[in-house]
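> Counting in our numbering, the sequence shown runs from 595 upward without gaps.
A virtual CB, placed ideally from N, CA and C, is assigned to each residue, including glycine.
One structure is given below, represented as structure tokens, and several questions about it will come after.
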Amino acid sequence: MSYVDGFLLSVPKANLETYKKHARVSADVWLEHGATGYVECLADDVPYGELTSFPRAVQAKDDEIVVFAWATYPDKARRDEVMKKVFEDPRMKPAMENMQFDGKRFIYGGFEAFIER
């Protein structure tokens, strides 16, 4: 079964084009270093829930859009190798030094898949 890194964040709409530029570079870097897949999605149908929701989870403001993203790997060992290489890759430096979102409201984690079809 695959291993998945999931990411949830909110990006100010004013920063969206710069964020997309960084995301395209990130996708290339992740895949070149061994991820088997990389996806970034912009919220389209994510209502603000009364108790829980994607916007609530990242405390999205009215001028922000929620981004849901993930990267896949064959297993956790490969993920650990890929992540080390990704954060050492000089192409990631601009995105890391000039994040287009509030890192304090960034949610991420690794998940072991148990169903894949």
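Could you give the distance in angstroms between the alpha-carbon of residue 595 and the alpha-carbon of residue 665?
Approximately 14 Å, taken between the alpha carbons.
> Would you list, in sequence order, the uninterrupted beta strand (DSSP E) runs of no fewer than 3 residues that lie entirely inside the stretch 631-665?
Entirely contained in the stretch 631-665, the beta strand (DSSP E) runs reaching 3 residues are, in chain order, 631-636.
> What is the DSSP secondary structure of residue 604, reduced to helix, strand or coil?
Strand, per DSSP.
> So what does residue 599 bridge to, in DSSP terms?
Residue 599 pairs with 665 and 704.
> Where does residue 710 sit, in a helix, a strand or coil, going by DSSP?
Residue state, collapsed to three classes: coil.
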